[in-house]
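Asker:
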Amino acid sequence: MTLYETIFVRRQVRKYDPLLERQIPEEILKYVLETRQFAGQQAKFTLASAEDVSGGPAAPYYLLSYCDANSAAYANVGYVIQKANLYLQSIGLGGGWFNGPKPKSDSENFCIAFAFGGTDVPVRKGPEEFKRLPMGEISRSDNSVVRAVRLAPSALNSQPWYLTFEEGKVVIKYLGRGLMRMMLRNKLNKIDLGIAARHAVLALEQEGKKVTGIMPRETGKEFAIEICYSK
107 MTLYETIFVR RQVRKYDPLL ERQIPEEILK YVLETRQFAG QQAKFTLASA
157 EDVSGGPAAP YYLLSYCDAN SAAYANVGYV IQKANLYLQS IGLGGGWFNG
207 PKPKSDSENF CIAFAFGGTD VPVRKGPEEF KRLPMGEISR SDNSVVRAVR
257 LAPSALNSQP WYLTFEEGKV VIKYLGRGLM RMMLRNKLNK IDLGIAARHA
307 VLALEQEGKK VTGIMPRETG KEFAIEICYS K
């Protein structure tokens with residue numbers, strides 16, 4: 107499957123097979139390190155084994171992320187790792203976002219852990235198996251970008267985004283909902299917006315658009331990611 111196709115069948119995996127060919131984890135890390143980050147962002151990503159972390163599922167490997175403590179940096183981490191998440195599942199492996207696992211050492215500027223490994227848990231059959239908000243609650247538009255973002259994973263399935271469209275631009279606005287806004291607003295929801303931005307970019311590229319810029323914007327309590335593109 108392509109990364110775009112994987113959007114519509116992926117799932118959060120919690121059950122892993124510890125057996126992987128030795129070179130695969132290093133290849134996944136290399137894939138992450140070669141992924142382009144937001145302009146001005148320099149998140150750090152490392153590979154860890156189960157013995158290197160505490161808490162979380164019994165996954166054989168983790169991608170650990172480190173970044174500055176601000177909304178744009180958190181969103182950048184989500185944007186980068188979600189590409190690896192889709193890639194892993196496109197080649198038959200499993201992955202999942204988890205806030206619990208923490209590195210036993212080197213915890214300065216730690217952001218979040220992403221678990222991965224082999225799995226026999228099947229992908230979904232299609233979008234109908236996802237539990238998500240109706241389209242109209244995340245955008246006034248109904249198009250391929252909204253449909254892809256609607257299926258993006260988010261902390262506690264909070265889906266903290268609202269999409270608007272301008273000529274040559276997609277804007278993904280942070281929109282916390284109810285208690286989720288207070289519980290997750292400091293970091294996790296900003297990671298979620300970066301994940302949503304990855305889905306939006308893949309949908310635009312699937313349509314043949316050229317993404318020319320991805321710009322996090324923060325004004326007071328407002329946060330959004332603007333994705334510019336050309337036809």
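So for the sequence shown, this note's numbering puts the first residue at 107; every next one is plus one.
Ideal placement from N, C-alpha and C gives every residue a C-beta, glycine not left out.
1. Taking only runs that begin and end inside the region 122-200, name each unbroken beta strand (DSSP E) of 3 or more residues, in chain order.
2. Could you check which residue in LEU169, TYR335, ALA306, LEU294 has the C-alpha nearest to that of ALA178?
3. What residues are listed by DSSP as bridge partners for ALA306?
4. Do SER245 and LEU269 have their C-beta atoms within less than 7 angstroms of each other?
5. Which stretch, first to last residue, makes up the beta strand (DSSP E) that contains THR325?
6. Which partner residues of VAL276 appear in the DSSP bridge assignment?
7. Restricting to Cα atoms, I'd like to know which of ASN215, ILE187, LYS208, CYS173 is closest to ALA258.
8. Measuring straight from C-alpha to C-alpha, what distance separates GLY200 and ARG142?
9. For VAL251 and GLU273, I'd like the C-alpha separation in whole angstroms.
10. According to the Cβ coordinates, are VAL276 and ILE320 closer than 7 angstroms?
11. Starting from ALA221, follow the beta strand (DSSP E) in both directions and report where the run begins and ends.
12. Hey, how far is the Cα of GLN129 from the Cα of LEU308?
13. Grab the span of the alpha helix (DSSP H) containing ILE344 for me, first residue to last.
14. What residue range is occupied by the uninterrupted alpha helix (DSSP H) comprising ARG246?
15. I'd like to know if the region 165-172 and the region 131-141 are in contact, where contact means that at least 3 CB-CB pairs between them fall below 8 angstroms.
16. Is the distance from the Cβ of GLY300 to the Cβ of GLY184 below 7 angstroms?
17. For ARG83, which residues from the same chain have a beta carbon less than 6 angstroms from its beta carbon, with the 5 sequence-adjacent residues on both sides left out?
18. Just how far apart, CA to CA, sit ASN182 and THR152?
Answerer: A quick look at the data gives this:
1. 150-155, 167-172
2. Position 72 of the sequence shown, counting from 1, holds the residue named residue 178. Checked all of LEU169, TYR335, ALA306, LEU294; the closest Cα to ALA178 is LEU294.
3. By 1-based counting over the sequence shown, the position of residue 306 is 200. In DSSP, ALA306 forms no bridge with anything.
4. Indexing the sequence shown from 1 puts residue 245 at position 139. Indexing the sequence shown from 1 puts residue 269 at position 163. In this structure, LEU269 lies closer than 7 angstroms to SER245 by Cβ.
5. Translated into positions along the sequence shown, residue 325 becomes position 219. It spans 316-325 - the beta strand (DSSP E) in which THR325 sits, taken as one unbroken run.
6. The residue given as residue 276 occupies position 170 in the sequence shown. Answer is PHE271, ILE333.
7. Taking the sequence shown and counting its residues from 1, the one referred to as residue 258 is at position 152. The candidate whose alpha carbon is nearest that of ALA258 is ILE187.
8. Translated into the one-based positions of the sequence shown, residue 200 becomes position 94. Translated into the one-based positions of the sequence shown, residue 142 becomes position 36. Going by the C-alpha atoms only, they are around 22 angstroms apart.
9. On the sequence shown, position 145 is the one that residue 251 refers to. On the sequence shown, position 167 is the one that residue 273 refers to. Near 14 angstroms, if we compare the C-alpha coordinates of GLU273 and VAL251.
10. Reading the sequence shown from its first residue, position 170 is the one you call residue 276. Reading the sequence shown from its first residue, position 214 is the one you call residue 320. It is not a contact, given that the beta carbons lie outside the stated cut-off.
11. Within the sequence shown, the letter at position 115 stands for residue 221. Here the beta strand (DSSP E) through ALA221 covers 216-223.
12. Residue numbering aside, residue 129 sits at position 23 when the sequence shown is read from its first letter. Residue numbering aside, residue 308 sits at position 202 when the sequence shown is read from its first letter. Rounded to the nearest angstrom, the two C-alpha atoms are 27 angstroms apart.
13. Outside the shown range of the chain (107 to 337) lies residue 344, about which nothing can therefore be said.
14. Taking the sequence shown and counting its residues from 1, one reaches residue 246 at position 140. It is not in any alpha helix (DSSP H) - ARG246 carries neither H nor E in the DSSP assignment.
15. yes
16. In the sequence shown, residue 300 corresponds to position 194, counting from 1. In the sequence shown, residue 184 corresponds to position 78, counting from 1. In contact: GLY300 and GLY184 (Cβ atoms closer than 7 angstroms).
17. Here the chain covers residues 107 to 337 and nothing more, so residue 83 does not appear.
18. Position 76 of the sequence shown, counted from the start, is the residue given in the question as residue 182. Position 46 of the sequence shown, counted from the start, is the residue given in the question as residue 152. If you take the alpha carbons of ASN182 and THR152, they lie about 15 angstroms apart.
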